[in-house]
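Residue numbers (this note's numbering): 2 to 58.
This is how it looks when you write it as C-alpha coordinates:
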(Lines of atoms letter the chains of each structure in order from A and count residues from 1; the text may use other names and numbers.)
(Lines give C-alpha, C1' and ligand atoms only; values in the text may rest on other atoms or scores of the structure.)
Protein backbone atom coordinates (compact mmCIF):
# COMPACT_ATOMS: atom_id res chain seq x y z
CA UNK A 1 0.00 0.00 0.00
CA UNK A 2 2.87 2.36 0.74
CA UNK A 3 4.29 1.98 -2.80
CA UNK A 4 0.97 3.00 -4.31
CA UNK A 5 0.91 6.14 -2.19
CA UNK A 6 4.39 7.13 -3.38
CA UNK A 7 3.45 6.50 -7.01
CA UNK A 8 0.24 8.51 -6.66
CA UNK A 9 2.12 11.33 -4.95
CA UNK A 10 4.67 11.42 -7.78
CA UNK A 11 1.93 11.52 -10.42
CA UNK A 12 0.12 14.37 -8.65
CA UNK A 13 3.42 16.26 -8.14
CA UNK A 14 4.29 15.89 -11.84
CA UNK A 15 0.80 16.88 -12.99
CA UNK A 16 0.78 20.00 -10.82
CA UNK A 17 4.23 21.01 -12.07
CA UNK A 18 3.04 20.56 -15.67
CA UNK A 19 -0.14 22.51 -14.99
CA UNK A 20 1.73 25.46 -13.50
CA UNK A 21 4.33 25.55 -16.24
CA UNK A 22 1.83 25.26 -19.10
CA UNK A 23 -0.76 27.70 -17.78
CA UNK A 24 1.47 30.34 -16.21
CA UNK A 25 4.92 29.80 -17.67
CA UNK A 26 3.86 30.66 -21.21
CA UNK A 27 2.85 34.17 -20.18
CA UNK A 28 5.88 34.91 -18.03
CA UNK A 29 9.47 35.75 -18.83
CA UNK A 30 10.68 32.75 -16.82
CA UNK A 31 9.26 30.46 -19.50
CA UNK A 32 7.73 27.01 -19.52
CA UNK A 33 10.97 25.08 -19.00
CA UNK A 34 12.22 26.95 -15.95
CA UNK A 35 8.77 27.10 -14.46
CA UNK A 36 8.46 23.32 -14.76
CA UNK A 37 11.99 22.74 -13.43
CA UNK A 38 11.43 24.85 -10.33
CA UNK A 39 7.99 23.37 -9.74
CA UNK A 40 9.22 19.80 -10.09
CA UNK A 41 12.47 20.10 -8.11
CA UNK A 42 11.31 22.34 -5.25
CA UNK A 43 7.55 21.92 -5.07
CA UNK A 44 4.52 22.99 -7.08
CA UNK A 45 3.75 25.63 -4.44
CA UNK A 46 7.22 27.18 -4.72
CA UNK A 47 7.01 26.97 -8.51
CA UNK A 48 3.66 28.73 -8.45
CA UNK A 49 5.01 31.57 -6.32
CA UNK A 50 8.18 32.01 -8.39
CA UNK A 51 6.25 31.92 -11.67
CA UNK A 52 3.54 34.23 -10.38
CA UNK A 53 6.04 36.90 -9.31
CA UNK A 54 8.11 36.59 -12.47
CA UNK A 55 7.85 39.41 -14.98
CA UNK A 56 5.38 39.22 -17.86
CA UNK A 57 6.68 38.85 -21.40
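Backbone N, C-alpha and C fix where the C-beta goes; we use that ideal spot for every residue, glycine too.
In its chain, beyond the 5 residues on either side, 21, 22, 25, 26, 29, 31, 36, 39, 40 have a beta carbon closer than 8 Å to the beta carbon of residue 52. Taking the CA atoms as reference points, residue 15 sits about 21 Å from residue 55. Burial is judged here by how many other beta carbons sit within 10 angstroms of a residue's own beta carbon; residue 18 has at least 16 and is buried.
Restricted to the stretch 2-55, the alpha helix (DSSP H) segments that are unbroken, complete and at least 4 residues in length are 3-24, 32-42, 45-53, listed in chain order.
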